[in-house]
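S.K.: I'd like to ask some things about the structure below.
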Amino acid sequence: MKVIPKFLITHNEGASPGITYIVHTQYPAFVATIHRFNDLTALEQFTDTVNHTNFFYLKDLLICLEVVHFLNEFSQVPDRFSYTLKRALNWYIHSQNEA
15 MKVIPKFLIT HNEGASPGIT YIVHTQYPAF VATIHRFNDL TALEQFTDTV NHTNFFYLKD
75 LLICLEVVHF LNEFSQVPDR FSYTLKRALN WYIHSQNEA
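So the working numbering is basically just the index in the sequence shown, starting at one, shifted up by 14.
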């Protein structure tokens, strides 16, 4: 049996050119998008205006991971969800450094 990776990087150039998506395949499965910022002010403006808490950012790298769609239904956010977002963003950063 083939093992499905925990995280996948994908693009949808037809619908959203230039946007990078991360798919988390395990529970809670979700699709997230990567946001890169030019300066700290832009990052802080994003965190102040986003209307939910399903995101994780690294100020020193000016990068953010925002969940745009959950693939599972649940009544409350699972335990350690912010840790999952942190791992997904760190995985993405390291995968880009290796490429």
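Ideal Cβ positions, reconstructed from N, Cα and C, are used throughout, including at glycine. Since this is a predicted model, take the numbers as computed values, not measurements.
Quick one: grab the DSSP three-state call for residue 46.
M.R.: In this structure, residue 46 counts as strand in the three-state DSSP scheme.
S.K.: So within the stretch 26-106, which uninterrupted beta strand (DSSP E) runs reach at least 3 residues, ignoring any that extend past its ends?
M.R.: Runs of the beta strand (DSSP E) inside the stretch 26-106: 34-38, 44-50, 69-72, 77-84.
S.K.: For residue 68 and residue 80, what's the separation of their Cα atoms in angstroms?
M.R.: Spanning the two alpha carbons is a distance of roughly 6 angstroms.
S.K.: Quick check on the burial criterion: 16 or more other C-beta atoms within 10 angstroms. Buried or exposed for residue 36?
M.R.: Looking at its Cβ environment, which holds 16 or more other Cβ atoms inside 10 Å, residue 36 is buried.
S.K.: Buried or exposed: residue 25, going by 16 or more other Cβ atoms within 10 Å of its Cβ?
M.R.: Label assigned to residue 25: exposed.
S.K.: Mark residue 55 as exposed unless 16 or more other C-beta atoms lie within 10 angstroms of its C-beta, in which case mark it buried.
M.R.: Per the 10 Å Cβ criterion, exposed.
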